[in-house]
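Numbering (the working numbering), first residue to last: 13 to 271.
Here it is as C-alpha cells:
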C-alpha cells in the first residue's frame, strides 16, 4: 500500500514538473527570446489575461466563455450518451446472438469507415445547425467504439466459464448477465473512453462548420479576426474539459470494474 502511495506521489510530481517545464519553454519562446511575435503566438501571461477577460466579456464572438463551454458540453454529452446507450447493448447483442450479428454487421461495416466529420454536411441539410444536427454527428462518432469494444469484450468470455454455468442449469440470458457482461466490463469502459475522446474532437470540428456558439465556434471567430490569444484559450479549455471528463470516466471505471 505504501509503495502504491509513493508511486502515485512520484507520478504526480513528474506530471507537475512536466507542466511547469512546458510553461517555461512557452514563456522563453514568446516573451524572452521572441521566437514568435505576439500576433502569432501569445505568451502564457497574455493567454491567462485573455482567459480571465473572456470569463465576463462577450467579445469577439457574442458569448462569454462559460456559455461556450455549456453549449459544447450539451451537444457532446447528448450525442455521447445516446451513442453509449445504443452502442453498448447493440454490441453485446451482436456478440451474443448470431441472428442479430448477421443482420446488423453489414450495415455497421458500411457505416464504420465514414469519418465522423463526413456526416456534418448531410446533418446540416436535414437537421439544420442546431443541437439535433451536431448531436447526431456526435452520436454516429460515439456509437462505433462502443459497439466494437462491447462486441470484443463479450467475445472474450471464457468458454470454460460458459460450460460450467450450463452444467449448473443456467439459461443463455443468465450466462450473459452473470458471466459475459461482467467479463466484458473492462472492454466496455475502454470503448466509453475512446468514444468520449472521439466525441469531444468531433464536436469541436462540427462547431467549426455549423454553430452559433460553442468552443469550436469561438475558435473559428478568433481565427477569422486574427486573435491568437482567444484561439490558445479555446484550445486549453478544450483540453482541460476533455481531461476532466476522462478523469470522471476513469473514476467510475475504478469504482465499478474489478480487474
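By construction, the Cβ of each residue, glycine as well, lies at the ideal position given by its N, Cα and C atoms.
Margin query: Between which residues of its own chain and residue 55 is the CB-CB distance below 8 Å, once the five residues before and five after are set aside?
Written below: Against the chain shown, residue 55 aligns to sequence position 43. Around residue 55: 38, 39, 42 and 43.
Margin query: One question on the structure: do residue 215 and residue 75 come within less than 7 Å of each other, judged by their Cβ atoms?
Written below: Taking the chain shown and counting its residues from 1, one reaches residue 215 at position 203. Taking the chain shown and counting its residues from 1, one reaches residue 75 at position 63. Contact flag unset, no.
Next item on the list: Have a look at residue 208 and residue 255 and give me their C-alpha separation to the nearest angstrom.
Entry: In the chain shown, residue 208 corresponds to position 196, counting from 1. In the chain shown, residue 255 corresponds to position 243, counting from 1. Put simply, the backbone Cα of residue 208 is about 10 Å away from that of residue 255.
Check: Taking only runs of the beta strand (DSSP E) that begin and end inside the segment 60-147, which ones reach a length of at least 3 residues, in chain order?
Finding: With a minimum length of 3 residues, no continuous beta strand (DSSP E) run stays inside the segment 60-147.
Item checked: Whether residue 108 touches residue 166 by CB criterion (7 Å) -> For the purposes of this step, residue 108 is taken as residue 96 along the chain shown, with counting starting at 1. For the purposes of this step, residue 166 is taken as residue 154 along the chain shown, with counting starting at 1. Yes. Within cutoff.
Check: For the segment 143-173, which segments carrying the alpha helix (DSSP H) assignment without a break, of at least 4 residues, lie completely within its bounds, in sequence order?
Finding: Complete alpha helix (DSSP H) runs here, min 4: 143-167.
Margin query: Classify residue 26: buried if its beta carbon has 16 or more other beta carbons within 10 angstroms, exposed otherwise.
Written below: What you label residue 26 is simply residue 14 of the chain shown in a count that begins at 1. With fewer than 16 other Cβ atoms within 10 Å, it is exposed.
Check: So, is residue 77 buried or exposed, given that buried needs 16 or more other C-beta atoms within 10 angstroms?
Finding: In the chain shown, residue 77 corresponds to position 65, counting from 1. Buried is the call here.
Next item on the list: Please say whether residue 79 and residue 153 have beta carbons closer to each other than 7 Å?
Entry: Residue numbering aside, residue 153 sits at position 141 when the chain shown is read from its first letter. Residue numbering aside, residue 79 sits at position 67 when the chain shown is read from its first letter. Cβ distance not < 7 Å, so residue 153 and residue 79 don't count as in contact.
Check: Can you tell which of 149, 127 and 126 has its C-alpha closest to the C-alpha of residue 137?
Finding: By one-based count along the chain shown, residue 137 stands at place 125. The residue from 149, 127 and 126 with its alpha-carbon nearest to that of residue 137 is 149.
Note to self: Given 6 Å as the limit, tell me if residue 200 has its C-beta closer than that to any heavy atom belonging to the ligand ATP.
What the structure shows: With respect to the ligand ATP, the structure offers nothing, as it holds no ligand at all.
Next item on the list: Report buried or exposed for residue 70, applying the criterion of at least 16 other Cβ atoms within 10 angstroms of its Cβ.
Entry: If you number the chain shown from 1, residue 70 lands on position 58. Label assigned to residue 70: exposed.
Next item on the list: Assign residue 169 to one of two classes, buried (16 or more other C-beta atoms within 10 Å of its C-beta) or exposed (fewer than that).
Entry: On the chain shown, residue 169 is found 157 positions in, with the first residue counted as 1. So residue 169 counts as buried.
Check: Roughly how many angstroms separate the alpha carbons of residue 130 and residue 124, rounded to a whole number?
Finding: Working through the chain shown from its first residue, we reach residue 130 at position 118. Working through the chain shown from its first residue, we reach residue 124 at position 112. Just so you know, the alpha carbons of residue 130 and residue 124 end up roughly 12 Å apart.
Next item on the list: Evaluate residue 29 with the Cβ neighbour count: other Cβ atoms within 10 Å of its Cβ, from every protein chain shown; 16 or more gives buried, anything less gives exposed.
Entry: Working through the chain shown from its first residue, we reach residue 29 at position 17. With fewer than 16 other Cβ atoms inside 10 Å of its own Cβ, residue 29 counts as exposed.
Note to self: I'd like the span of the alpha helix (DSSP H) that includes residue 267, first residue to last.
What the structure shows: Here residue 267 is taken as the residue at index 255 of the chain shown, counted from 1. In this chain, the alpha helix (DSSP H) harbouring residue 267 covers 240-268.
Checklist line | Buried or exposed (CB count within 10 angstroms, at least 16 for buried), residue 251 | finding: Residue numbering aside, residue 251 sits at position 239 when the chain shown is read from its first letter. If you draw a 10 Å sphere on the C-beta of residue 251, you find fewer than 16 other C-beta atoms in it, and that means exposed.
Next item on the list: Write down every uninterrupted run of the alpha helix (DSSP H) in the segment 165-231 whose length is 4 residues or greater and which is fully enclosed by it, in chain order.
Entry: Runs found: 171-179, 184-187 and 193-221.
Check: Applying the criterion that 16 or more other CB atoms from any shown protein chain within 10 Å of the CB defines a buried residue, is residue 66 buried or exposed?
Finding: Taking the chain shown and counting its residues from 1, the one referred to as residue 66 is at position 54. Counting other Cβ atoms within 10 Å of its Cβ, residue 66 reaches 16 or more and is therefore classed as buried.
Notebook entry, point to check: Would residue 163 pass as a contact of residue 106 if the rule is Cβ separation under 7 Å?
Noted result: By 1-based counting over the chain shown, the position of residue 163 is 151. By 1-based counting over the chain shown, the position of residue 106 is 94. In this structure, residue 163 sits near residue 106, with a CB-CB distance shorter than 7 Å.
Check: Between residue 53 and residue 260, what straight-line distance do the alpha-carbon atoms span, to the nearest angstrom?
Finding: Taking the chain shown and counting its residues from 1, the one referred to as residue 53 is at position 41. Taking the chain shown and counting its residues from 1, the one referred to as residue 260 is at position 248. If I take the Cα positions, the gap works out to 32 Å.
Item checked: Straight-line gap, residue 198 to residue 269 (C-alpha atoms, nearest Å) -> Position 186 of the chain shown, counted from the first residue, corresponds to residue 198. Position 257 of the chain shown, counted from the first residue, corresponds to residue 269. Taking the CA atoms as reference points, residue 198 sits about 7 Å from residue 269.
Checklist line | Presumed contact (8 Å Cβ cut-off) between residue 243 and residue 72, rounded CB distance | finding: Your numbering for residue 243 matches position 231 in the chain shown. Your numbering for residue 72 matches position 60 in the chain shown. Under the criterion of beta carbons closer than 8 Å, residue 243 and residue 72 do not qualify as touching, at roughly 11 Å.
Checklist line | Same chain, Cβ closer than 6 Å to residue 230, five either side skipped, listed in chain order | finding: Looking up residue 230 in the chain shown gives position 218. The residues are 73, 80 and 246.
Margin query: Quick test of your reading: residue 91 and residue 147, contact by CB under 8 Å. State the CB separation rounded to the nearest angstrom.
Written below: Within the chain shown, residue 91 is the residue found at index 79, counting from 1. Within the chain shown, residue 147 is the residue found at index 135, counting from 1. Contact holds; Cβ gap of about 4 Å.
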